[in-house]
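**Q**
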Amino acid sequence: MKRKILLLPAVFCIILHIFAATFIQSANYDNLPENNSQVSFIDQIAHLEGVSNLTVLKTDSFIDKCVFFIEQPLDYKDISKGVFKQRVFVSHRGFDRPTVFVTEGYGAAYGANTRYSNELAELFSTNLIVVEHRYFLESTPIPRNWEYLTAENSANDLHRIFSLLKTIYPQKWISTGVSKGGQTTMIYKTFFPNDIDIAIPYVGPLNRGVEDGRHEIFLREKVGTPQDRAIIQDFQIEILKRRSTLMPLFAAHCGERKFEFRTSLDEIYDLSVLEYPFAHWQYGTTIDKIPALTASDEELFSQFIAVSSPRYFQDYSTIESFYVQAERELGYYGYDIEPFVAYLTIKNPQGYLKKLVVPKDADVIFDKTLYNKVCAYLEKEDPRMVFIYGEYDPWSATAADVSVNMKNKQNVIVAYVPQGNHSANIRKLPKELQRRIIDTITKWLE
Numbered sequence: 053m054k055r056k057i058l059l060l061p062a063v064f065c066i067i068l069h070i071f072a073a074t075f076i077q078s079a080n081y082d083n084l085p086e087n088n089s090q091v092s093f094i095d096q097i098a099h100l101e102g103v104s105n106l107t108v109l110k111t112d113s114f115i116d117k118c119v120f121f122i123e124q125p126l127d128y129k130d131i132s133k134g135v136f137k138q139r140v141f142v143s144h145r146g147f148d149r150p151t152v153f154v155t156e157g158y159g160a161a162y163g164a165n166t167r168y169s170n171e172l173a174e175l176f177s178t179n180l181i182v183v184e185h186r187y188f189l190e191s192t193p194i195p196r197n198w199e200y201l202t203a204e205n206s207a208n209d210l211h212r213i214f215s216l217l218k219t220i221y222p223q224k225w226i227s228t229g230v231s232k233g234g235q236t237t238m239i240y241k242t243f244f245p246n247d248i249d250i251a252i253p254y255v256g257p258l259n260r261g262v263e264d265g266r267h268e269i270f271l272r273e274k275v276g277t278p279q280d281r282a283i284i285q286d287f288q289i290e291i292l293k294r295r296s297t298l299m300p301l302f303a304a305h306c307g308e309r310k311f312e313f314r315t316s317l318d319e320i321y322d323l324s325v326l327e328y329p330f331a332h333w334q335y336g337t338t339i340d341k342i343p344a345l346t347a348s349d350e351e352l353f354s355q356f357i358a359v360s361s362p363r364y365f366q367d368y369s370t371i372e373s374f375y376v377q378a379e380r381e382l383g384y385y386g387y388d389i390e391p392f393v394a395y396l397t398i399k400n401p402q403g404y405l406k407k408l409v410v411p412k413d414a415d416v417i418f419d420k421t422l423y424n425k426v427c428a429y430l431e432k433e434d435p436r437m438v439f440i441y442g443e444y445d446p447w448s449a450t451a452a453d454v455s456v457n458m459k460n461k462q463n464v465i466v467a468y469v470p471q472g473n474h475s476a477n478i479r480k481l482p483k484e485l486q487r488r489i490i491d492t493i494t495k496w497l498e
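Sequential numbering from 53 applies to the sequence shown in the working numbering.
1) Tell me, please, which residues DSSP counts as bridged to PHE93.
2) Compare the beta carbon distance of LEU405 and TYR384 with 8 Å and say whether it is the shorter of the two.
3) Contact check, TYR254 vs VAL275 under 8 Å by CB: the rounded distance?
4) Among ALA428, TYR221, ASP349 and SER324, which has the Cα closest to the Cα of PRO150?
5) Alpha carbons only, please: which of HIS305, TYR335, PHE302 and GLN462 is nearest the one belonging to ASP445?
6) If I follow the unbroken beta strand (DSSP E) through TYR254, where does it start and stop?
7) Starting from the Cα of GLY134, find the closest Cα among PRO300, GLU199 and LEU180 and give me that residue.
8) Please state the DSSP three-state secondary structure of GLY234.
9) How would you call TYR368, buried or exposed, if buried means at least 16 neighbouring beta carbons within 10 angstroms?
10) What are the boundary residues of the beta strand (DSSP E) that includes TYR468?
11) Based on the DSSP output, what are the partners of TRP225 in its beta bridges?
12) Under 6 Å Cβ to Cβ from VAL469, same chain only, skipping five residues before and after it: list those, please.
13) Who does SER143 pair with in a DSSP beta bridge?
14) Which same chain residues end up closer than 7 Å to PRO362 when comparing Cβ atoms and leaving out the 5 residues on each side of it in sequence?
15) State the beta-bridge partners of SER324 as determined by DSSP.
16) Within the same chain, show all residues whose beta-carbon is closer than 6 Å to that of LEU301, passing over the 5 residues directly before and after it, in chain order.
17) Per the DSSP calculation, GLU123 is bridged to which residue(s)?
18) Quick check on the burial criterion: 16 or more other C-beta atoms within 10 angstroms. Buried or exposed for GLU350?
19) Hey, how far is the Cα of LEU422 from the Cα of ILE252?
20) Give the straight-line distance between the Cα atoms of LYS341 and LEU217, rounded to the nearest whole angstrom.
21) Counting pairs of Cβ atoms below 8 Å between the stretch 364–378 and the stretch 408–417, do you hit three or more?
22) Whole angstroms are fine: how far does the CA of LYS293 sit from the CA of THR202?
23) Along the alpha helix (DSSP H) that carries THR297, what are the first and last residues, could you check?
24) Roughly how many whole angstroms lie between the Cα atoms of SER92 and VAL140?
25) So who's on the other strand from TYR441, going by DSSP bridges?
26) Could you check whether the stretch 233–250 touches the stretch 152–171, counting it as contact only if at least three pairs of C-beta atoms, one from each stretch, sit closer than 8 Å?
27) Closest by CA to ILE417, which one among ASN460, GLY403 and ASN424?
28) One question on the structure: do LYS110 and THR166 come within less than 8 Å of each other, judged by their Cβ atoms?
29) Along the chain, where does the beta strand (DSSP E) containing VAL1 start, and where does it finish?
30) Rounded to the nearest angstrom, how far is the Cβ of PHE121 from that of SER143, given a contact under 8 Å?
31) For TRP496, which residues of its own chain have a beta-carbon under 6 Å away from its beta-carbon, when the five flanking residues on both sides are left out?
32) Just curious, the alpha helix (DSSP H) that ASN457 is in, first and last residue?
33) Round the Cβ separation of LEU172 and THR228 to the nearest angstrom and send it over; I've been treating them as touching at under 8 Å.
34) Quick one, which of ILE97, TYR240 and SER455 has its alpha-carbon nearest ASP209's?
35) Are the CB atoms of ALA449 and PHE439 nearer to each other than 8 Å?
36) Assuming VAL426 and LEU258 are in contact, meaning their beta carbons sit under 8 Å apart, how far apart are those beta carbons, in whole angstroms?
Dropping the structure here:
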């Protein structure tokens with residue numbers, strides 16, 4: 053969920069925009085021929101309230117596809133505060149088919165890709181709707197007032213889009229999202245429990261603080277084997293011990309990429325070392341990739357920078373809206389410095405998120421209300437939900453079933469991919485569990 057996935061670097065976002073533009077095919081609805089198979093689909097979308105900038109897209113996996121913008125209130129508690137336009141992608145298989153509703157947590161430029169589909173859409177042959185999160189990419193209000201970037205407002209965005217599109221897609225709906233999108237799926241289900249028939253969040257954390265505290269314990273005591281954890285810690289210490297010879301390489305790396313930071317390069321070096329185990333397990337790096345402690349400076353540095361790039365700590369990020377949300381109510385993780393104190397230049401990394409990456413004009417303080425609300429809903433209710441996690445993913449330290457006991461629920465399924473990382477999905481589960489989940493969802497869709 054974290055920024056790296058959940059967190060797209062600026063260059064990657066630019067590439068996505070270029071790639072998306074390559075496949076976009078503008079269409080004037082008024083000029084479509086009467087016998088065009090798209091007319092019915094496009095006509096129904098075009099006449100929904102608030103829809104604008106409707107564009108037909110090419111698709112390899114669906115019958116038809118389009119993207120449009122919908123005008124949304126900035127603040128649902130006071131609509132006089134103004135509006136913004138939110139981007140929505142719709143991939144169509146049939147009005148008689150179920151619909152998968154992707155509650156994206158970030159930008160959704162990938163939705164324009166002709167080959168884009170979704171695991172659930174393919175497993176159950178559904179329509180596919182992707183909603184770009186407010187304050188990301190094309191769905192960013194101008195001016196960007198952080199006051200209105202709240203989970204409750206984002207849930208209302210989804211509710212409004214669902215209410216509009218449900219009129220043309222009357223069959224059952226599945227809401228889903230990955231990482232921060234998985235968080236958004238849980239949040240939407242909590243605020244509007246009667247909208248969606250089935251909710252399937254992937255690798256979605258449920259954090260109770262800006263630096264939750266459970267991630268550090270997970271990395272120190274639970275993930276992998278004791279030997280694995282020892283190898284990673286020894287590697288971190290070696291990187292710190294070799295600061296004098298590795299720092300020139302580190303400085304050159306940052307300089308060549310024109311990285312800018314709000315603090316000293318020594319502190320960024322420290323934080324990048326502290327970040328290493330989280331990044332290692334999140335992305336599924338194998339232990340055998342870590343060089344021996346006797347390896348050359350170049351070998352050690354290459355592995356270090358490949359896994360834990362200082363790009364994360366830049367002053368500007370294309371997903372800085374996420375950092376505002378993390379600081380305000382979604383929460384995040386901290387660092388365990390105890391094994392490294394003798395080698396660090398920083399005394400305490402606490403508060404690093406606000407210090408380094410939260411936009412300077414965002415004056416936010418963490419509020420635990422959202423965490424409590426989602427936990428209360430999951431504790432009290434028994435919704436049709438499937439939670440997918442990776443056993444070794446650090447975000448599983450704050451998985452929903454860690455905060456809420458859901459073992460006695462009749463409808464809730466919590467599934468972990470053995471040794472899985474942040475890319476965990478249904479197809480990576482053991483065959484028996486995979487079949488159980490697919491059969492259950494199939495029954496729910498009847």
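A virtual CB, placed ideally from N, CA and C, is assigned to each residue, including glycine.
**A** To lay it out plainly:
1) Residue mapping note: residue 93 aligns to position 41 of the sequence shown, counting from 1. Note: PHE93 sits in no beta bridge, so no partner.
2) Walking along the sequence shown from the start, residue 405 turns up at place 353. Walking along the sequence shown from the start, residue 384 turns up at place 332. TYR384 is positioned such that its CB atom lies closer than 8 Å to that of LEU405.
3) Here residue 254 refers to the residue found at position 202 when the sequence shown is read from its first residue. Here residue 275 refers to the residue found at position 223 when the sequence shown is read from its first residue. Actually they do not touch by this definition, with Cβ atoms about 19 Å apart.
4) Counting from one through the sequence shown, the residue named residue 150 turns up at place 98. Checking every option, the nearest Cα to that of PRO150 belongs to TYR221.
5) Against the sequence shown, residue 445 aligns to sequence position 393. Nearest option by C-alpha distance: TYR335.
6) Your numbering for residue 254 matches position 202 in the sequence shown. Start and end: 250–254.
7) Your numbering for residue 134 matches position 82 in the sequence shown. Among PRO300, GLU199 and LEU180, the Cα nearest to that of GLY134 belongs to GLU199.
8) Within the sequence shown, numbered from 1, the residue matching residue 234 stands at position 182. If DSSP states are grouped into helix, strand and coil, GLY234 belongs with the helices.
9) Looking up residue 368 in the sequence shown gives position 316. Exposed.
10) On the sequence shown, residue 468 is found 416 positions in, with the first residue counted as 1. Taken as a continuous stretch (DSSP letters only), the beta strand (DSSP E) holding TYR468 covers 465–469.
11) Taking the first residue of the sequence shown as 1, we reach residue 225 at position 173. Partner(s): THR151.
12) As a first step, residue 469 is located in the sequence shown; it is residue number 417 there, counting from the start. Closer than 6 Å at the Cβ level, and outside the excluded window around VAL469, lie GLY442, ALA476, LYS480 and LEU481.
13) Here residue 143 refers to the residue found at position 91 when the sequence shown is read from its first residue. Answer is LYS117 and LEU180.
14) By one-based count along the sequence shown, residue 362 stands at place 310. Excluding sequence neighbours, PRO362 sits near CYS306, PHE311, ILE320 and SER324.
15) As a first step, residue 324 is located in the sequence shown; it is residue number 272 there, counting from the start. Answer by DSSP bridge pairing: none, since SER324 is not bridged.
16) Along the sequence shown, read from residue 1 onward, the residue named residue 301 stands at position 249. Only PHE353 meet the Cβ criterion.
17) By 1-based counting over the sequence shown, the position of residue 123 is 71. BP columns for GLU123 point to LYS137.
18) The residue labelled residue 350 in the question sits at position 298 within the sequence shown. Answer is exposed; the Cβ neighbour count stays below 16.
19) Indexing the sequence shown from 1 puts residue 422 at position 370. Indexing the sequence shown from 1 puts residue 252 at position 200. Using only the alpha carbons, I get a separation of about 19 Å.
20) The residue labelled residue 341 in the question sits at position 289 within the sequence shown. The residue labelled residue 217 in the question sits at position 165 within the sequence shown. Whole-angstrom Cα-Cα distance: 47 Å.
21) yes
22) Your numbering for residue 202 matches position 150 in the sequence shown. Your numbering for residue 293 matches position 241 in the sequence shown. Rounded to the nearest angstrom, the two C-alpha atoms are 43 Å apart.
23) Locating residue 297 in the sequence shown gives position 245, counting from the first residue. THR297 -> alpha helix (DSSP H) spans 295–308.
24) As a working mapping, residue 92 is identified with position 40 in the sequence shown. As a working mapping, residue 140 is identified with position 88 in the sequence shown. Straight-line Cα distance between these residues: approximately 18 Å.
25) In the sequence shown, residue 441 corresponds to position 389, counting from 1. Beta bridge pairing from DSSP links TYR441 with TYR468.
26) yes
27) Within the sequence shown, numbered from 1, the residue matching residue 417 stands at position 365. The shortest C-alpha separation from ILE417 is found at GLY403.
28) Residue numbering aside, residue 110 sits at position 58 when the sequence shown is read from its first letter. Residue numbering aside, residue 166 sits at position 114 when the sequence shown is read from its first letter. Yes. Within cutoff.
29) Missing from the structure shown is residue 1; the chain here goes from 53 to 498 and no further.
30) The count along the sequence shown starts at 1 and reaches residue 121 at position 69. The count along the sequence shown starts at 1 and reaches residue 143 at position 91. So it is not a contact: roughly 17 Å between Cβ atoms.
31) Position 444 of the sequence shown, counting from 1, holds the residue named residue 496. Excluding sequence neighbours, TRP496 sits near ILE250 and ARG436.
32) Within the sequence shown, numbered from 1, the residue matching residue 457 stands at position 405. Where ASN457 is concerned, there is no enclosing alpha helix (DSSP H), given that its DSSP letter is neither H nor E.
33) Your numbering for residue 172 matches position 120 in the sequence shown. Your numbering for residue 228 matches position 176 in the sequence shown. At roughly 6 Å, the Cβ-Cβ gap stays under 8 Å, so LEU172 and THR228 are in contact.
34) Start at 1 with the first residue of the sequence shown, and residue 209 comes out as number 157. Per the Cα distances, TYR240.
35) Sequence index remark: in the sequence shown, residue 449 carries index 397 (1-based). Sequence index remark: in the sequence shown, residue 439 carries index 387 (1-based). Contact flag unset, no.
36) Sequence index remark: in the sequence shown, residue 426 carries index 374 (1-based). Sequence index remark: in the sequence shown, residue 258 carries index 206 (1-based). About 6 Å separates the two Cβ atoms, so the contact holds.
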